[in-house]
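In the working numbering, the protein residues as written are 735 to 847. Every residue gets a Cβ at the ideal spot worked out from N, C-alpha and C, and that includes glycine.
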Amino acid sequence: MVILLIPEPVPSDVVGPQFTSARPIIEKVGVPVIDLLDTYAGSKNLLELRVSQDDVHANARGHEMVFENLYRKIEQDSKLSDFVFGTNQSKAARSGASQSLASSAAPIRPASP
Numbered sequence: 735m736v737i738l739l740i741p742e743p744v745p746s747d748v749v750g751p752q753f754t755s756a757r758p759i760i761e762k763v764g765v766p767v768i769d770l771l772d773t774y775a776g777s778k779n780l781l782e783l784r785v786s787q788d789d790v791h792a793n794a795r796g797h798e799m800v801f802e803n804l805y806r807k808i809e810q811d812s813k814l815s816d817f818v819f820g821t822n823q824s825k826a827a828r829s830g831a832s833q834s835l836a837s838s839a840a841p842i843r844p845a846s847p
């Protein structure tokens with residue numbers, strides 16, 4: 735099991751405190767954590783990463799940014815990388831999988847009324 739801290743595309747001063755009370759519990763349990771709360775840091779217009787102005791859920795580009803950050807963080811941590819990808823899988827194979835997943839993602843469109 736791995737815990738992911740996944741933000742919504744909102745200002746960091748809003749998203750950070752949402753997870754403050756969870757951190758001591760997570761540490762006590764001792765489960766590996768991947769903190770993705772920095773995913774949207776530096777984004778100039780968070781509204782462009784939302785489903786709509788009134789819906790703070792990430793749109794396709796926002797989810798792509800989460801995926802890229804997640805993959806980067808797994809790659810940077812050898813223990814986590816081995817846990818997620820397995821110890822026998824080469825970095826080249828993982829890289830190919832990442833490119834394949836990223837390029838195959840198709841946006842989901844709502845059904846017409």
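Asked: From Val744, Val748, Ile737, Ser812, residue whose alpha carbon lies closest to that of glycine 761; Found: In the sequence as displayed, the identity of residue 761 is glutamate instead of glycine. Among Val744, Val748, Ile737, Ser812, the Cα nearest to that of glutamate 761 is on Ile737.
Asked: Cβ-Cβ distance between valine 744 and valine 785 below 7 Å; Found: no
Asked: Limits of the unbroken alpha helix (DSSP H) element including isoleucine 759; Found: 756 to 763
Asked: Whole-Å CB distance - serine 777 paired with leucine 783, under 8 Å assumed; Found: 6 Å
Asked: Beta carbon of threonine 773 nearer than 7 Å to that of valine 749; Found: no
Asked: Terminal residues of the alpha helix (DSSP H) in which alanine 794 lies; Found: 794 to 810
Asked: Limits of the beta strand (DSSP E) - the one that histidine 738 falls within; Found: According to the sequence as given, residue 738 is leucine; it is not histidine. Element bounds for leucine 738: 737 to 739.
Asked: Separation of phenylalanine 753 from alanine 794, as counted between CA atoms; Found: 23 Å
Asked: Counted within 10 angstroms of its Cβ, other Cβ atoms place isoleucine 759 as buried (16 or more) or exposed; Found: exposed
Asked: Whole-angstrom C-beta distance between leucine 814 and proline 766, which should lie under 8 Å; Found: 6 Å
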